[in-house]
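Under our numbering, think of the first position of the first sequence as -5, with each following residue one higher. No residue lacks a Cβ here, since even glycine has one placed at the ideal position from N, Cα and C. First up is the structure itself, then whatever we jot down about it.
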Amino acid sequence: MPEGHTIHRFARDQTKLIAQQKLHITSPQGRFADEAKLIDRRKLNRIEAAGKHLFYHFAGGRILHVHLGLFGKFRVHENPPPPPRGAVRVRMTGKEKTIDLNGPNTCEVIDRAEYQDILDRLGPDPLRKDADPDRAWKRIHASKQPIGLLLMDQSIIAGIGNIYRSEILHLLRIHPRTPGNEITKPQFNKLWKLAKELLTLGVKHNRIITIDLKTLKKSIETTPRRKLFRIFKKPNCPSCGGEIERFKMASRKVFACPACQPSS
DNA sequence: TTGATTGTTACCGG
DNA sequence: TCCGGTAACAATCA
């Protein structure tokens, strides 16, 4: 579900959808109800995405912070909405649509200081206008850690997840085990540009797309998810046909072609 | 029923 | 201190 583009997509869509929205808080486990009282539900000023984090800014400096984690999901219903399915943490009801949130990693009301703490520990997000890629470059250039690990570190670069890491490194022909300090500046510049392009495409279509769309016969909507990737969970390399290797890095499976992405 | 999974954090041992 | 490994948590589907 997540990866940074998803949350930017929600921020964008919800901002349109939520005009004059009211929030109705449902909390089957009783975990969120007290916190929810802290926000003025009628005064939602703006919705902001940073990396994989989503912030709803309410009047009075109260901020609803959502992180979808692995399983978090927004469901959009036409009004009148069906009964909540499963543990709905937040239900936002507008004039025409209702949005339910299930299974988030984080769903809490925070103040401006806590919000700032979260922003401060995030690296630059390629989807944001205020992103400073040089911050990411400095961290990567100074690190002996493998680039496959660094790309998963949200304090270095925010928004990339497990699928994009394998796909981006394959497109750049960089092996995930390459130490950060062996990445050249031109390579990093390409990496940043590619991340920005792919994430932007992801926001547009609400899918992770790393193949060349010109080769696609069917529409994106009717194409199975996995056919929009190049090597993630694939047995063979789309470039050379060779066998894809898979191993764990940052406790997650990473995919690479030993031939096209030679280890240094 | 089991296992896997677009994620993060805390904790522990080397 | 730094690193890697592990567990916990969330929900759904094959």
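**OP:** Put D94 into one of helix, strand or coil per three-state DSSP.
**Re:** Here residue 94 refers to the residue found at position 100 of the first sequence. Reduced to three states, the DSSP call for D94 is strand.
Original post:
Leaving out five residues before and five after Y109 in sequence, what residues of the same chain have Cβ atoms less than 8 Å from its Cβ?
Top reply: As a first step, residue 109 must be located in the first sequence, where it is residue number 115. The residues are F49, I57, H59.
**OP:** Would you check if there are 3 or more beta carbon pairs closer than 8 Å linking the region 217 to 225 to the region 133 to 143?
**Re:** no
**OP:** Just grab the DSSP bridge partners of F52 for me.
**Re:** Taking the first residue of the first sequence as 1, we reach residue 52 at position 58. According to DSSP, F52 bridges with L38.
Original post:
Is T178 helix, strand or coil when you go by DSSP?
Top reply: The residue you call residue 178 lines up with position 184 of the first sequence. In the structure shown, T178 sits in coil (DSSP, three-state: anything other than H, G, I, E or B).
**OP:** Locate the beta strand (DSSP E) running through E72, then write down its first and last residues.
**Re:** What you label residue 72 is simply residue 78 of the first sequence in a count that begins at 1. Start and end: 67 to 72.
**OP:** Please go through the same chain and pick out, in chain order, the residues whose beta-carbon is closer than 6 Å to the beta-carbon of H(-1), but skip the five residues on each side of it.
**Re:** In the first sequence, residue -1 corresponds to position 5, counting from 1. Answer for H(-1): L193, G196, V197, listed in chain order.
Original post:
Whole-angstrom Cβ separation of T217 and L210, contact assumed at under 8 Å?
Top reply: One-based indexing of the first sequence puts residue 217 at position 223. One-based indexing of the first sequence puts residue 210 at position 216. That belief holds up - the Cβ atoms of T217 and L210 are roughly 6 Å apart, short of 8 Å.
Original post:
Looking at the structure shown, is E(-3) part of a helix, part of a strand, or coil, going by DSSP?
Top reply: Here residue -3 refers to the residue found at position 3 when the first sequence is read from its first residue. Note: E(-3) maps to coil in three-state DSSP.
Original post:
Over what stretch of residues does the alpha helix (DSSP H) that includes H164 continue unbroken?
Top reply: Within the first sequence, numbered from 1, the residue matching residue 164 stands at position 170. Start and end: 156 to 165.
**OP:** Would you kindly report the start and end of the unbroken beta strand (DSSP E) that includes E239?
**Re:** Within the first sequence, residue 239 is the residue found at index 245, counting from 1. 239 to 243 is the extent of the beta strand (DSSP E) around E239.
Subject >> C-alpha distance - P127 paired with G55, whole-angstrom precision >> reply: Residue numbering aside, residue 127 sits at position 133 when the first sequence is read from its first letter. Residue numbering aside, residue 55 sits at position 61 when the first sequence is read from its first letter. Computed Cα separation, rounded: 29 Å.
**OP:** State the start and end residues of the unbroken beta strand (DSSP E) segment that holds R115.
**Re:** Start at 1 with the first residue of the first sequence, and residue 115 comes out as number 121. No beta strand (DSSP E) holds R115; DSSP gives it neither H nor E.
Original post:
Where does the unbroken beta strand (DSSP E) through H61 begin, and where does it stop?
Top reply: Sequence index remark: in the first sequence, residue 61 carries index 67 (1-based). Looking at the DSSP string, the run of the beta strand (DSSP E) that includes H61 is 57 to 61.
Original post:
So what does N99 bridge to, in DSSP terms?
Top reply: Taking the first residue of the first sequence as position 1, residue 99 is located at position 105. Paired residues: none, contrary to the question.
**OP:** Whole angstroms is fine: what's the gap from Q14's alpha carbon to K179's?
**Re:** What you label residue 14 is simply residue 20 of the first sequence in a count that begins at 1. What you label residue 179 is simply residue 185 of the first sequence in a count that begins at 1. Bear in mind that a pLDDT of 49 at Q14, under 50, signals an unreliable position, so the number given afterwards is only what the model happens to contain. Rounded to the nearest angstrom, the two C-alpha atoms are 47 Å apart.
**OP:** State the Cα-Cα distance for the pair V248 and I202, rounded to the nearest angstrom.
**Re:** Looking up residue 248 in the first sequence gives position 254. Looking up residue 202 in the first sequence gives position 208. Rounded to the nearest angstrom, the two C-alpha atoms are 16 Å apart.
**OP:** Would you mind giving the Cβ-Cβ distance between G66 and P(-4), rounded to the nearest angstrom? I have them listed as a contact below 8 Å.
**Re:** The residue labelled residue 66 in the question sits at position 72 within the first sequence. The residue labelled residue -4 in the question sits at position 2 within the first sequence. Yes, G66 and P(-4) are in contact; Cβ-Cβ is about 7 Å, under 8 Å.
Original post:
Looking only at its own chain, which residues have a Cβ that is under 7 Å from the Cβ of K10, when we skip the five neighbours before and after it?
Top reply: The residue you call residue 10 lines up with position 16 of the first sequence. Excluding positions up to five away in sequence, the list is empty.
Subject >> Straight-line Cα distance separating I93 from R83 >> reply: Counting from 1 along the first sequence, the entry for residue 83 is found at position 89. Counting from 1 along the first sequence, the entry for residue 93 is found at position 99. The alpha-carbon atoms of R83 and I93 are separated by roughly 11 Å.
Original post:
In or out: A107 buried (at least 16 other Cβ within 10 Å) or exposed?
Top reply: Here residue 107 refers to the residue found at position 113 when the first sequence is read from its first residue. Classification of A107: exposed, given that the 10 Å Cβ count is below 16.
**OP:** Starting from the C-beta of K242, find all residues in its chain whose C-beta is less than 8 Å away, skip the five residues before and the five after it, and write them out in chain order.
**Re:** For the purposes of this step, residue 242 is taken as residue 248 along the first sequence, with counting starting at 1. If we look at K242 and ignore the five residues flanking it on each side, its Cβ neighbours are V248.
**OP:** Going by CA-CA distance only, name the one from A81, A44, I112 that's closest to L95.
**Re:** Within the first sequence, residue 95 is the residue found at index 101, counting from 1. Closest option to L95, Cα to Cα, is A81.
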